[in-house]
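S.K.:
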Amino acid sequence: MDDPHAVVVGAGIGGLSAALALHRHGWRVTVLERAAELREVGAGLTLMANALRALDALGLGPAVLEGEHAEAPGGIRDRHGRWLSRVDGAEMTRQLGTTALGVHRATLHRILREALPASSLRTRAEVEHVEPGPERADVRYRTPDGRRTLTADLVVGADGLRSRLRAQLWPQTPAPAYAGSTAWRAAIAFPEPVPAAISWGPAAEFGMVPLGAGQVYWYAALTAPPGGHAPDELAAVRERFGDWHAPIPELLAATPPGVVLRNDIYHLATPLPSYVRGRVVLLGDAAHAMTPNLGQGAGQAIEDAVVLGAVCRGGLDGLPAALAEYDRLRRPRSQALARAAFRAGRYGQQLRNPVAVAVRDAALRLTPARAALRGMARYADWRPPAG
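In terms of the UniProt record's numbering, the sequence shown opens at residue 1 and continues consecutively.
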């Protein structure tokens, strides 16, 4: 009998993680990616303990630790550089078993890609329609050579925030909603050591994450109407954040023109009633696009992938029950995290009233470091299913 066949739509971090998880459990996998090349944007991410455990479950923990990365336990400052809250790396390791790591998105993407058979990846393949039957699913997609159809035992929708599969199969779910903030980001060469830190001002935030090998990822966010743009986005960031504490001006001065990415922040404000429809399952941003305020977007996608692989390890035997188990395990946690991330943004970066800002900052300064870490740990203290 042939191995069960899964088609994964989307070759981002979540899609490649899902493909690898299924591949490791005996599935034949085809990944369809509409872009011409498999690559990630020039930005970084923070891997918390849950994401690192998930990568261990995929067999990639050593590769991530051996690659370019930096410890990033974190902390929060005000715009003048005064620390409001700090996370002790040793205490984080004691509570969670590991500290957080800063990693370039392209590095993690490459590690995932290289762990998969090259024959499983198809680029320039844009999925147009999926027919989710009870025992099979037909995937129609377009390539430069014409339209094609694949029949699969399972289809994994990992096609991101603007998921075509979600729009097709969950048509009653509203489109992603604007979360109220616009953000700039860049990964740059910066040889000086910097702490992993977030700095807050009224309705504004600047974050920095060391990535190792002399690289730093920075981002800036403002509460603003959607759709804004500037002829020179780096100049726009300098105008708003150039007088903030060191090393923010130095990071901006070291940023080459043209590398700054700007994106409005959207999230899936209306939770899906299920992540499963027949033989189609959603994961990552397609299932639960969240704001970046807890740094858990990529981590939740990798968790999704690991759980999906684990419940599907029996192949076609009992697959409907396995997908129901995936939904039971993943939907409550990921949707709760999405709600928490949105709330964190409202009381963090988006807080504007001076009195409210002063009260928040005072509360942070008075909160013991261990108590603050326990708040973080409830999101990061996750372990993969056995098997």
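Even glycine gets a Cβ: it sits at the ideal position worked out from N, Cα and C.
Out of Pro-249, Trp-184 and Leu-154, which one is the CA nearest neighbour of Gly-314?
M.R.: The residue with the shortest Cα to Cα distance from Gly-314 is Leu-154.
S.K.: Between Gly-75 and Gly-133, what straight-line distance do the alpha-carbon atoms span, to the nearest angstrom?
M.R.: Rounded to the nearest angstrom, the two C-alpha atoms are 49 Å apart.
S.K.: Does the separation of the CB atoms of Leu-283 and Leu-308 fall below 8 Å?
M.R.: Cβ atoms of Leu-283 and Leu-308: closer than 8 Å.
S.K.: Can you give the beta carbon distance from Ala-286 to Ala-158, rounded, assuming they're within the 8 Å contact cut?
M.R.: That pair is a contact at about 6 Å.
S.K.: Give every residue of the same chain whose Cβ lies closer than 6 Å to the Cβ of Leu-121, excluding the five residues on either side of it in the sequence, and list them in chain order.
M.R.: Around Leu-121: Val-31.
S.K.: From Pro-256 to Val-209, what distance separates their C-alpha atoms?
M.R.: Approximately 18 Å, taken between the alpha carbons.
S.K.: Measure the alpha-carbon distance for Ala-6 versus Trp-83 and round it to whole angstroms.
M.R.: Approximately 48 Å between the Cα atoms of the pair.
S.K.: With H, G and I counted as helix, E and B as strand and the rest as coil, what does DSSP make of Phe-342?
M.R.: It is helical.
S.K.: Taking Cβ to Cβ, would you say Pro-247 is nearer than 8 Å to Glu-192?
M.R.: Yes, they are a contact pair.
S.K.: Which residues in the same chain have their Cβ closer than 6 Å to the Cβ of His-80, if we skip the five residues on either side of it in sequence?
M.R.: Once the five neighbours on either side are set aside, the close Cβ partners of His-80 are His-245.
S.K.: So, helix, strand or coil for Ser-274, using DSSP?
M.R.: The answer is coil: DSSP assigns Ser-274 none of H, G, I, E or B.
S.K.: If I measure Cβ to Cβ from Thr-149 and keep anything under 6 Å in the same chain, skipping five residues before and after, which residues do I get?
M.R.: Once the five neighbours on either side are set aside, the close Cβ partners of Thr-149 are Asp-138 and Arg-140.
S.K.: By DSSP, does Phe-241 sit in helix, in strand, or in coil?
M.R.: In this structure, Phe-241 counts as helix in the three-state DSSP scheme.
S.K.: Report the option in Gly-299, Arg-124, Met-376 and Leu-252 whose CA atom is closest to the CA atom of Trp-184.
M.R.: Nearest C-alpha to Trp-184: Leu-252.
S.K.: DSSP has Gly-157 in a bridge; who is on the other side?
M.R.: Note: Gly-157 sits in a beta bridge opposite Val-9 and Leu-282.
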